[in-house]
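Structure first, commentary second.
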Ligand SMILES: NC(=O)c1ccc[n+]([C@@H]2O[C@H](COP(=O)([O-])OP(=O)(O)OC[C@H]3O[C@@H](n4cnc5c(N)ncnc54)[C@H](OP(=O)(O)O)[C@@H]3O)[C@@H](O)[C@H]2O)c1
C-alpha cells in the first residue's frame with residue numbers, strides 16, 4: 493500500500509504521512525530521485541532553498557507525475573526559507589527578502605502554490621518575527637496552503653504569539669527514538685502545531701554512512717550502541733520488516749509525518765511500506781525509554797549538521 497491513503501491534518505489542509513526527503517541529494521541526482529520516488533508511490537516531497545536542488549526537484553516532480561499518470565497538484569510539496577544566520581556571516585532576511593526568497597523557490601520548483609512553506613531555522617535573530625509575518629501573509633494570499641517553522645523551540649514560537657501573529661501550522665524537527673523531545677512535542681500538540689519528523693533513521697548504522705555526510709554529533713550519540721543488541725532489530729524481526737521501517741512506523745504512530753531520504757530504489761519502496769504492521773502499545777512504551785536527548789542535527793557552528 494502506498495501512502496496516498498495515509499494523511500494527517502495540517503492547518504486547513506492534509507499532508508501525506510510519508511514524504512520523500514531531499515537533503516544531500518545533489519543537482520545531478522535530484523530529478524531522477526524525485527521522479528523515482530513518485531513512481532514508487534510518494535505523494536509528498538520535502539526540499540529547501542538551502543538544499544540547492546529546488547529546480548531539479550521541480551523537474552523530477554513534473555517527470556514523476558507524468559510517469560504515474562498524475563498531475564503536479566497530486567503532490568504535496570514543502571520548501572523552506574533560508575532565513576540567514578548572522579553567526580555564519582549570512583545576514584538575516586527581512587520581510588521583503590523573505591517574500592522574494594519565496595518567489596524564487598516557487599519559480600525554481602515551477603509551482604503556482606506551495607503546499608507548505610517553512611522557516612528553516614530560528615537563525616533569523618531580530619528578523620525572525622518579520623520573516624514569520626511574511627509567511628503568514630503568503631498563506632493569507634493563497635500562495636502557500638500551510639506555513640510553519642523548523643528547528644524552533646517553544647520560546648521561538650511564543651515569540652510569534654507575543655507579536656500577535658497566528659501560530660505555525662507545523663514545526664519540522666529531528667524526532668526518532670533517540671531524540672524524542674517529549675516536552676516540545678507535548679507543547680506543539682497542545683497548540684495544534686503538527687510536529688514533522690526529520691532524520692528518522694539516525695539510529696541505523698547506514699545513516700549518512702558516506703564520508704563527510706554525518707554531523708559532528710552523530711558519533712557521540714552512537715558511541716555506546718555498538719555492543720548493545722538493537723531494540724529496533726528485535727522489533728524488525730518480530731514484525732518481519734526492516735529496522736528502517738520500525739523507525740519510520742514509530743514516527744507515524746506518534747502522529748508525525750516522516751521524510752525518509754534514499755537514493756536506492758529498493759529503500760524508497762521499503763520506506764513507504766510501513767502501513768502493514770503496527771508497533772503495539774507496550775512496545776511503544778518501551779521505546780520511550782530510549783531517549784538520548786537533543787539529537788544530531790545542527791551541531792553548533794557545523795553547517796554539515798544542517799538539513
Ligand atoms: N528541517 C531540517 O533542519 C532538516 C534536517 C535534516 C533533514 N531534513 C529533511 O528530512 C529528510 C530526512 O532526513 P535525513 O536525510 O537527515 O535522514 P534520513 O532520511 O533519516 O536517513 C537517510 C540516510 O539513511 C539511509 N537510508 C535510507 N533508507 C534506508 C533504509 N531503508 N535502510 C538503510 N538505510 C537507509 C540513506 O542512505 P541512501 O541514500 O544511500 O539509501 C541516508 O544515508 C531530509 O532529506 C530533509 O528533507 C530536514
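In the numbering used here, the protein residues as written are 493 to 799. The C-beta atom is built at its ideal place from N, Cα and C for all residues, glycine as well.
Which of the three DSSP states, helix, strand or coil, is assigned to residue i?
i	result
residue 553	helix
residue 542	helix
residue 495	Residue confidence is low: residue 495 scores 49 on pLDDT, short of 50, so the model does not pin down where it sits. Its coordinate-derived value is still stated next. Note: residue 495 maps to helix in three-state DSSP.
residue 582	strand
residue 599	helix
residue 610	strand
residue 755	coil
residue 591	helix
residue 559	helix
With burial defined as no fewer than 16 other Cβ atoms inside 10 Å of the residue's Cβ, what is the status of residue i: buried or exposed?
i	result
residue 612	buried
residue 735	buried
residue 642	buried
residue 700	buried
residue 753	buried
residue 618	exposed
residue 684	exposed
residue 691	buried
residue 583	exposed
residue 535	buried
For the beta strand (DSSP E) that residue i lies in, which residues bound it at each end?
i	result
residue 506	505-508
residue 514	Unbroken run through residue 514: none, as it is neither H nor E.
residue 750	It is not in any beta strand (DSSP E) - residue 750 carries neither H nor E in the DSSP assignment.
residue 521	It is not in any beta strand (DSSP E) - residue 521 instead sits in the alpha helix (DSSP H) that spans 519-532.
May I have the straight-line CA-CA distance separating residue i from residue j, to the nearest angstrom?
i	j	result
residue 785	residue 672	7 angstroms
residue 560	residue 512	16 angstroms
residue 616	residue 640	14 angstroms
residue 689	residue 749	6 angstroms
residue 498	residue 783	27 angstroms
residue 503	residue 660	8 angstroms
residue 723	residue 779	8 angstroms
residue 788	residue 741	20 angstroms
residue 794	residue 580	Confidence at residue 794 is low in this model, with a pLDDT of 45, below 50, so the placement of that residue is unreliable and no value is reported for it.
residue 687	residue 614	16 angstroms
residue 509	residue 765	11 angstroms
Give the range of the alpha helix (DSSP H) segment to which residue i is assigned.
i	result
residue 567	It is not in any alpha helix (DSSP H) - residue 567 carries neither H nor E in the DSSP assignment.
residue 621	620-632
residue 723	723-731
residue 736	735-745
Could you pull out every unbroken beta strand (DSSP E) segment of at least 3 residues lying fully inside the region 636-699, listed in chain order? DSSP runs (the beta strand (DSSP E)) wholly in the region 636-699: 636-642, 662-666 and 686-690.
Could you tell me which whole alpha helix (DSSP H) segments of length 4 or greater appear in the region 764-792? Listed in chain order, the alpha helix (DSSP H) runs fully inside the region 764-792 are 773-779, counting runs of at least 4 residues.
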